[in-house]
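Engineer:
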Amino acid sequence: MVRPARRADVAAVSAIDAEITGLPKLEHWLELHSRQRRSAAVAGGLFLVAVAAEEPGRVVGFIVGEIRAWEFGSAPCGWVYALSVASGWRLRGVGETLLAAIGAQFRAAGIRKMRTMVARDNLLPMRFFRGEGMMAGPYIQLEKDLE
Amino acid sequence: MKLQVASQLAIFSILELVAEPGRQMTVADIGAKYGISSNHLAKVMNVLGRAGLVRSVRGAGGGFQFCGNARRITLLDIIDLFEPRLPIDPEAGRPGRRTAEAAALGLVLGEIDDSVRATLGSITIATLRSLSSRQRAKTPAV
Ligand SMILES: CC(C)(COP(=O)(O)OP(=O)(O)OC[C@H]1O[C@@H](n2cnc3c(N)ncnc32)[C@H](O)[C@@H]1OP(=O)(O)O)[C@@H](O)C(=O)NCCC(=O)NCCS
Chain A
331 MVRPARRADV AAVSAIDAEI TGLPKLEHWL ELHSRQRRSA AVAGGLFLVA VAAEEPGRVV
391 GFIVGEIRAW EFGSAPCGWV YALSVASGWR LRGVGETLLA AIGAQFRAAG IRKMRTMVAR
451 DNLLPMRFFR GEGMMAGPYI QLEKDLE
Chain B
144 MKLQVASQLA IFSILELVAE PGRQMTVADI GAKYGISSNH LAKVMNVLGR AGLVRSVRGA
204 GGGFQFCGNA RRITLLDIID LFEPRLPIDP EAGRPGRRTA EAAALGLVLG EIDDSVRATL
264 GSITIATLRS LSSRQRAKTP AV
């Protein structure tokens, strides 16, 4: 089941993220959660969690999105900012359900384009997003070390 | 970016075989659709057979059958069977090896190679199949 994240879910979200990135950042997720609550762009919000059917209340995955408008001249689009599924719960369709749920939230806000960013050498999320029908977009991300 | 003919035929053949569960096709059936000789296709199927991606079924109604996992096999897995050096090693066979100029050019070419590998390595047969269904809606039926 997918539902909007509650403040009490954020610790579990942070734990799932830390399991993957190795960097606990509870403050960041709490701040993101409050920011989402304040901006009423979409009813239900764009910070969603997947809860295990067999263990009610147990957060097994999350997705966070954001609507960004006129960035780099681009028409408003829905960004998937983070998506993670706890390692013991993968390959059961949780990721797919979360992506579909946030897609529905974006559509409800009148958005017709969904974007995300994936590390080129991280084939797992790349395969996942492509399997969900996403293709490379028209932008190339550039960067530079500032000395 | 261009793929060798053998890689393209291998991808097309697998797409044909996965179009229906358990589908069996002869090289003549596949060749008819893509306008390719059975001889050429047989060589391609041989390589796919050795890699464990297809098996030949003997007897009447025989032919080839796909025996991999279409949701896990990527285009890169198939292409690597036919052109294992793709994408080209930016240093190999180039003049000026170990110069700063060659290293700079290598950086640029490496950027291209990385994205080629990332694209081909993330598109599975199942993903390509859904892409081709979408294209079918746009192009005249063959
Ligand atoms: C990417 C991720 C979110 C996918 O979540 P998931 O719940 O396991 O995905 P699903 O079960 O919904 O998978 C849907 C499809 O994606 C593809 N996929 C997912 N995991 C895969 C894997 N390990 N290998 C190959 N394909 C995979 C498959 O096509 C799968 O469908 P199938 O199982 O029927 O073949 C999850 O693996 C994850 O959290 N990874 C680490 C975190 C990360 O990198 N996040 C993305 C960056 S923000």
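In order, the protein sequence lines correspond to chains A and B.
Under my numbering, residues 331 to 477 are what the first sequence spells out, in order.
Under my numbering, residues 144 to 285 are what the second sequence spells out, in order.
Ideal placement from N, C-alpha and C gives every residue a C-beta, glycine not left out.
In this text, all values refer to a predicted model and were calculated from it rather than measured experimentally.
(1) Exposed or buried, L191 (chain B), counting other C-beta atoms within 10 Å across all chains shown (16 or more means buried)?
(2) Taking only heavy atoms of ligand 1 into account, decide whether any of them is closer than 7 Å to the Cβ of S414 (chain A).
(3) Please classify Q435 (chain A): is it buried, with 16 or more other beta-carbons within 10 angstroms of its beta-carbon, or exposed?
(4) Is I350 (chain A) a contact residue of ligand 1, with contact defined as CB to any heavy atom under 7 Å?
(5) List, in order along the chain, the chain A residues whose C-beta lies closer than 9 Å to that of S273 (chain B)?
(6) Span of the alpha helix (DSSP H) holding W409 (chain A)?
(7) Using the beta-carbon of each residue, which ones in chain C are nearer than 9 Å to D257 (chain B)?
(8) Does the contact criterion of 3 or more C-beta pairs under 8 Å hold for the stretch 251-266 of chain B versus the stretch 422-441 of chain A?
(9) Answer with buried or exposed for H358 (chain A), where buried requires no fewer than 16 other C-beta atoms within 10 angstroms of its C-beta.
(10) Heavy atom of ligand 1 less than 7 Å from the Cβ of P455 (chain A), yes or no?
(11) Of all the CB atoms in chain B, is at least one closer than 8 Å to the CB of A416 (chain A)?
(12) From which residue to which residue does the alpha helix (DSSP H) around P455 (chain A) run?
(13) Can you give me the C-alpha to C-alpha distance between L248 (chain B) and D257 (chain B), rounded to a whole angstrom?
(14) Which residues does DSSP list as the beta-bridge partners of I393 (chain A)?
(15) For chain A, find out if any of its Cβ atoms is closer than 8 Å to the Cβ of G253 (chain B); answer yes or no.
(16) Check whether the Cβ of G264 (chain B) lies closer than 8 Å to any Cβ atom in chain A.
(17) Less than 7 Å between the CB of G425 (chain A) and some heavy atom of ligand 2, yes or no?
(18) Measure the CB-CB distance between S150 (chain B) and F225 (chain B) and report whether it falls below 8 Å.
(19) At a cut-off of 7 Å, is L421 (chain A) close to ligand 1 when judged by its beta-carbon and the heavy atoms of the ligand?
(20) What is the rounded straight-line gap between the Cα of F207 (chain B) and the Cα of T270 (chain B)?
(21) Determine the closest residue to R460 (chain A) out of B:R279, B:R272, B:Q278, B:I266, with distance taken between C-alpha atoms.
Structural biologist: Let me spell this out:
(1) buried
(2) yes
(3) buried
(4) yes
(5) G461, G463
(6) That residue, W409 (chain A), is in no alpha helix (DSSP H); its beta strand (DSSP E) goes 407-415.
(7) In the displayed structure, chain C is absent; the protein chains listed are A and B.
(8) no
(9) exposed
(10) yes
(11) no
(12) 453-461
(13) 14 Å
(14) A:L378, A:L413
(15) no
(16) yes
(17) Ligand 2 is not among the ligands present in this structure, which contains only ligand 1.
(18) yes
(19) yes
(20) 22 Å
(21) B:I266
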